[in-house]
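Peer 1:
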Amino acid sequence: MTRVAVLLGGMSSESEVSRRSGAQVAAALEKAGFEVTAVEVTEDLGALLKALTPRPDVVFNALHGPFGEDGTIQGVLDYIGIPYTHSGVRASALAMDKAAAKAVFTAAGLPVAPHRIIDIAELADHDPLPPPYVVKPVNEGSSVGVSIVKAGDNNRAEIVANWHYGPAMVEQYIPGRELTVGVLEDNALAVTEILPTEKFYDYHAKYAAGGSRHVVPAEIPEGVARQAMDIALAAHKALGCRGASRADLRYDEETGRLVLLEVNTQPGMTPTSLLPEQAAYTGMDFSTLCTWMVERAACRV
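Sequential numbering from 0 applies to the sequence shown in numbering that gives the first Met the number 0.
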């Protein structure tokens, strides 16, 4: 029987959603016949290494945010030689660093919004870009720390006062519809439109029950859907992702423009998560999806 250690928790602001992802994954893998151990990850590396002794056959990485999806835990697992799910060190680090990811996307000819990397203090002095624009941490996920600044807003000082994320990316706000595309290796699954119950698809909207409504397949022209899937697959390959990823895009109906926002190398695996919904739409149930990930686990840089 294949022994799988599911890593969950972690030190990031996304630790709670990681626990939810990990618990669901562990239950699905047990159902599929794997011997599963859930491992709560903390700042104590020695405790983690002890928890991985005796060595499992595979680690299922259900961590989110810094340490879990930025190449750090991937490097640890590569070093000790335990195969793990999802992307390796390089792709994980590139995708987590929004500035680096934008550079990769631009080099690959993929559509991205105009953007700048700034010290957050600059925001207090002036608008770094013509409004409206989005302010987001360079190295966070799940819309943590994201704000929108519109013309006439006086929220810049408040954003600066509450900022504790290091460098910031300011990016032109792209109007339109929120789309996301899951990718499993060489296969883009589907296009989902995200309809948040609030004005902005923030952390609460992503993970709280009823925080958003997911329409799959998205009710958009077939050609636009195909283009969105092509962009997601190209971004997955440009970063060097392995296994599963999920690309977030904006679709401006007035101009017909699609813009790639970012790629998540550790898509959520919770009851409200997008990738499992898309997999189910294609006929792959949750247990089969988790098994697929385990079967493709490897050590890789």
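Heads up, the beta-carbon is just placed ideally off N, CA and C, and yes, glycines get one too.
These numbers come from a predicted model, not from an experiment.
With Ser211 as the anchor, note down where its beta strand (DSSP E) starts and where it stops.
Peer 2: Here residue 211 corresponds to residue number 212 of the sequence shown, with the count starting at 1. Where Ser211 is concerned, the enclosing beta strand (DSSP E) stretches over 211 to 214.
Peer 1: Work out the CA separation of Asp251 and Leu257 for me, nearest whole Å.
Peer 2: The count along the sequence shown starts at 1 and reaches residue 257 at position 258. The count along the sequence shown starts at 1 and reaches residue 251 at position 252. If I take the Cα positions, the gap works out to 7 angstroms.
Peer 1: Verify whether the separation of the beta carbon atoms of Val137 and Ala107 is less than 7 angstroms.
Peer 2: Against the sequence shown, residue 137 aligns to sequence position 138. Against the sequence shown, residue 107 aligns to sequence position 108. Cβ distance not < 7 angstroms, so Val137 and Ala107 don't count as in contact.
Peer 1: Using the three-state DSSP reduction, which class does Ala234 fall into: helix, strand or coil?
Peer 2: Residue numbering aside, residue 234 sits at position 235 when the sequence shown is read from its first letter. Note: Ala234 maps to helix in three-state DSSP.
Peer 1: Assuming Val24 contacts Phe59 under a Cβ cut-off of 8 angstroms, what Cβ separation, rounded to an integer in Å, is found between them?
Peer 2: Within the sequence shown, the letter at position 25 stands for residue 24. Within the sequence shown, the letter at position 60 stands for residue 59. Correct: roughly 6 angstroms between the Cβ atoms.
Peer 1: Taking Glu29 as part of the alpha helix (DSSP H), name the residues at either end of that continuous run.
Peer 2: Start at 1 with the first residue of the sequence shown, and residue 29 comes out as number 30. Where Glu29 is concerned, the enclosing alpha helix (DSSP H) stretches over 14 to 30.
Peer 1: Buried or exposed: which applies to Thr281, given that a residue is buried once 16 or more other Cβ atoms fall within 10 Å of its Cβ?
Peer 2: Position 282 of the sequence shown holds residue 281. The residue in question, Thr281, is exposed, as its Cβ has fewer than 16 Cβ neighbours within 10 Å.
Peer 1: What are the residues that DSSP puts in a beta bridge with Pro195?
Peer 2: In the sequence shown, counting from the first residue as 1, residue 195 sits at position 196. Per DSSP, Ser211.
Peer 1: Which stretch, first to last residue, makes up the alpha helix (DSSP H) that contains Gln277?
Peer 2: Here residue 277 is taken as the residue at index 278 of the sequence shown, counted from 1. Where Gln277 is concerned, the enclosing alpha helix (DSSP H) stretches over 273 to 280.
Peer 1: On the DSSP letters alone, give me the boundaries of the alpha helix (DSSP H) that Thr290 sits inside.
Peer 2: Residue mapping note: residue 290 aligns to position 291 of the sequence shown, counting from 1. Here the alpha helix (DSSP H) through Thr290 covers 285 to 294.
Peer 1: For Gly239 and Ala233, what's the separation of their Cα atoms in angstroms?
Peer 2: Your numbering for residue 239 matches position 240 in the sequence shown. Your numbering for residue 233 matches position 234 in the sequence shown. Each residue's Cα considered, the two are about 10 angstroms apart.
Peer 1: Taking the alpha-carbon positions, what's the Glu184 to Ala150 distance?
Peer 2: To locate residue 184, count along the sequence shown from 1; it is residue 185. To locate residue 150, count along the sequence shown from 1; it is residue 151. If you take the alpha carbons of Glu184 and Ala150, they lie about 41 angstroms apart.
Peer 1: Take Arg295 and list the residues in its own chain whose beta-carbon comes closer than 8 angstroms to its own, dropping the five residues that flank it on each side.
Peer 2: By one-based count along the sequence shown, residue 295 stands at place 296. Only Thr84, Glu184, Arg241, Gly242 meet the Cβ criterion.
Peer 1: Between Ala278 and Asp69, what straight-line distance do the alpha-carbon atoms span, to the nearest angstrom?
Peer 2: Looking up residue 278 in the sequence shown gives position 279. Looking up residue 69 in the sequence shown gives position 70. Going from the Cα of Ala278 to the Cα of Asp69 covers about 24 angstroms.
Peer 1: If you draw a straight line from the C-alpha of Val293 to the C-alpha of Gly255, how long is it?
Peer 2: Locating residue 293 in the sequence shown gives position 294, counting from the first residue. Locating residue 255 in the sequence shown gives position 256, counting from the first residue. In a straight line, the C-alpha of Val293 is about 38 angstroms away from that of Gly255.
Peer 1: How many Å lie between Thr196 and Gly45 at the Cα?
Peer 2: Reading the sequence shown from its first residue, position 197 is the one you call residue 196. Reading the sequence shown from its first residue, position 46 is the one you call residue 45. Each residue's alpha carbon lies about 43 angstroms from the other.
Peer 1: Distance, Cα to Cα, Ile117 vs Glu170?
Peer 2: Against the sequence shown, residue 117 aligns to sequence position 118. Against the sequence shown, residue 170 aligns to sequence position 171. Their Cα atoms are separated by approximately 11 angstroms.
Peer 1: Quick one: give me the first and last residue of the beta strand (DSSP E) that Glu121 is part of.
Peer 2: Looking up residue 121 in the sequence shown gives position 122. No beta strand (DSSP E) holds Glu121; the alpha helix (DSSP H) holding it covers 120 to 124.
Peer 1: In this structure, what does DSSP give as the bridge partners for Gly181?
Peer 2: Start at 1 with the first residue of the sequence shown, and residue 181 comes out as number 182. Answer is Arg245, bridged to Gly181.
Peer 1: Are the beta-carbon atoms belonging to Glu192 and Val214 less than 7 angstroms from one another?
Peer 2: As a working note, residue 192 is residue 193 in the sequence shown. As a working note, residue 214 is residue 215 in the sequence shown. The answer is yes: Cβ separation under 7 angstroms.
Peer 1: Going by beta-carbon coordinates alone, are Leu20 and Met268 separated by less than 7 angstroms?
Peer 2: Counted from its first residue, the sequence shown places residue 20 at position 21. Counted from its first residue, the sequence shown places residue 268 at position 269. The displayed chain sequence assigns Ser, not Leu, to residue 20. Against a cut-off of 7 angstroms, the Cβ pair of Met268 and Ser20 comes out as a contact.
Peer 1: Would you mind working out which of Ala4, Val5, Val16, Leu7 sits nearest Thr271, comparing C-alpha positions?
Peer 2: Counting from one through the sequence shown, the residue named residue 271 turns up at place 272. Ranking Ala4, Val5, Val16, Leu7 by Cα distance to Thr271 puts Val16 first.
Peer 1: Can you tell me whether Pro220 is buried or exposed, with buried defined as 16 or more other CB within 10 angstroms of its CB?
Peer 2: Position 221 of the sequence shown, counted from the first residue, corresponds to residue 220. So Pro220 ends up on the exposed side.
Peer 1: For Tyr200, which residues in the same chain have their Cβ closer than 8 angstroms to its Cβ, ignoring the five residues on either side in sequence?
Peer 2: Along the sequence shown, read from residue 1 onward, the residue named residue 200 stands at position 201. Reliability of the predicted coordinates at Tyr200 is poor, the pLDDT of 45 falling under 50, and the value obtained from them is presented with this limitation in mind. The residues are Ser142, Glu177, Ile193, Ser211.
Peer 1: Label His163 either buried or exposed according to how many other C-beta atoms from any shown protein chain fall within 10 Å of its C-beta, with 16 as the threshold for buried.
Peer 2: One-based indexing of the sequence shown puts residue 163 at position 164. His163 comes out exposed.
Peer 1: Relative to the alpha-carbon of Asn263, which residue among Thr36, Ala90, Ile119 has its alpha-carbon at the smallest distance?
Peer 2: The sequence position of residue 263 within the sequence shown is 264, counting from 1. Closest option to Asn263, Cα to Cα, is Ala90.
Peer 1: Count the other CB atoms, across all protein chains shown, that sit within 10 Å of the CB of Arg225; report buried if there are 16 or more and exposed otherwise.
Peer 2: On the sequence shown, residue 225 is found 226 positions in, with the first residue counted as 1. Exposed, because fewer than 16 other Cβ atoms sit within 10 Å of the Cβ of Arg225.
Peer 1: Between which residues of its own chain and Pro131 is the CB-CB distance below 7 angstroms, once the five residues before and five after are set aside?
Peer 2: Mapped onto the sequence shown, residue 131 falls at position 132. Closer than 7 angstroms at Cβ, skipping near neighbours: Ile147, Val148, Lys149, Ala150, Tyr172.
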